[in-house]
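Colleague:
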Amino acid sequence: MADFSVTIKVSGSREFMSRFQKFGATILNLGQAMNASGKYLSQFFSGEVFASRGQIVGKPWQPLSASYAALKARRFPGRPPLIRSGAMNRGYKFDAKESSVFLFNDRFYFRFHQNGEGVPQRVTMDVDAPRAQRVGEFIADNIGKNMESAGV
Numbered sequence: 005m006a007d008f009s010v011t012i013k014v015s016g017s018r019e020f021m022s023r024f025q026k027f028g029a030t031i032l033n034l035g036q037a038m039n040a041s042g043k044y045l046s047q048f049f050s051g052e053v054f055a056s057r058g059q060i061v062g063k064p065w066q067p068l069s070a071s072y073a074a075l076k077a078r079r080f081p082g083r084p085p086l087i088r089s090g091a092m093n094r095g096y097k098f099d100a101k102e103s104s105v106f107l108f109n110d111r112f113y114f115r116f117h118q119n120g121e122g123v124p125q126r127v128t129m130d131v132d133a134p135r136a137q138r139v140g141e142f143i144a145d146n147i148g149k150n151m152e153s154a155g156v
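Structure below.
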């Protein structure tokens, strides 16, 4: 997954900016937003992206080849593409800090599917516009709560 970053620009009256600068470090502790974003995105990647086979993020997966579809139907009846045991679905994790969140899948074979290395590319981790909007909402809410707590 490519990096995704958010830039925050703060503006307001001199009085507001003075108060903001006084409490700036406290206000910009975004741990709550990063944790909420990590939880939301990891659930989204393992749920809706798989259910839509990539279509929800604008990257629809190629159908299985006829030979592999037949093999999969025999060996893993009823299982959709990319799911044998469900391990990759459960492999989405995140590590949230005060100002960042790192999302990953702990299954070694995840990267082959995500990047199309030796298999058809089937993207499961991608931050599209609606997900970026939701992350922005988590950040705005966190900043608002921090400002309220700091009396800004």
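Residue numbers for the sequence shown follow our numbering, so the first one is 5 and each next one is one higher.
C-beta: ideal position from N, C-alpha, C; glycine also.
What you are looking at is a predicted structure, and each value in this text was computed from that prediction instead of being measured.
Residues in the same chain with beta-carbon distance under 7 Å from residue 62, minus the five sequence neighbours each way, listed in chain order, please.
Modeller: 132, listed in sequence order.
Colleague: What does a CB cutoff of less than 6 Å around residue 36 pick up in its chain, not counting 5 residues either side in sequence?
Modeller: Contacts found: 146.
Colleague: Counting pairs of Cβ atoms below 8 Å between the segment 80-90 and the segment 52-59, do you hit three or more?
Modeller: Touching, yes, given that three or more Cβ pairs across the two stretches are closer than 8 Å.
Colleague: If you measure between the beta carbons of residue 12 and residue 151, is that distance less than 8 Å?
Modeller: Taking 8 Å as the Cβ cut-off, residue 12 and residue 151 do not qualify as a contacting pair.
Colleague: Kindly indicate which residue of 39, 24 and 16 has the alpha-carbon position closest to the one of residue 140.
Modeller: With distances taken between Cα atoms, residue 140 lies closest to 39.
Colleague: Assuming the contact rule is C-beta atoms closer than 8 Å, residue 122 and residue 111 should be a hit. Round their C-beta distance to whole Å, please.
Modeller: Contact flag wrong, Cβ pair sits at about 15 Å.
Colleague: Taking the DSSP output, what are the residues bridged to residue 61?
Modeller: DSSP output for residue 61 lists no bridge partner at all.
Colleague: Counting only the same chain and skipping the five closest in sequence on each side, list residues whose C-beta sits under 8 Å from that of residue 101.
Modeller: Cβ neighbours of residue 101 beyond the five flanking positions: 35 and 38.
Colleague: CA-CA distance, residue 91 and residue 105?
Modeller: Distance between the alpha carbons of residue 91 and residue 105: 22 Å.
Colleague: Around the C-beta of residue 130, are 16 or more other C-beta atoms found within 10 angstroms, so that it is buried, or is it exposed?
Modeller: When all chains shown are included, residue 130 counts as buried.
Colleague: For residue 118 versus residue 128, is the C-beta spacing smaller than 8 Å?
Modeller: For residue 118 and residue 128, yes; Cβs fall inside 8 Å.
Colleague: Let's see if you can read the secondary structure: which residues bound the alpha helix (DSSP H) around residue 53?
Modeller: Where residue 53 is concerned, the enclosing alpha helix (DSSP H) stretches over 52-55.
Colleague: For the beta strand (DSSP E) that residue 99 lies in, which residues bound it at each end?
Modeller: Unbroken beta strand (DSSP E) run through residue 99: 96-100.
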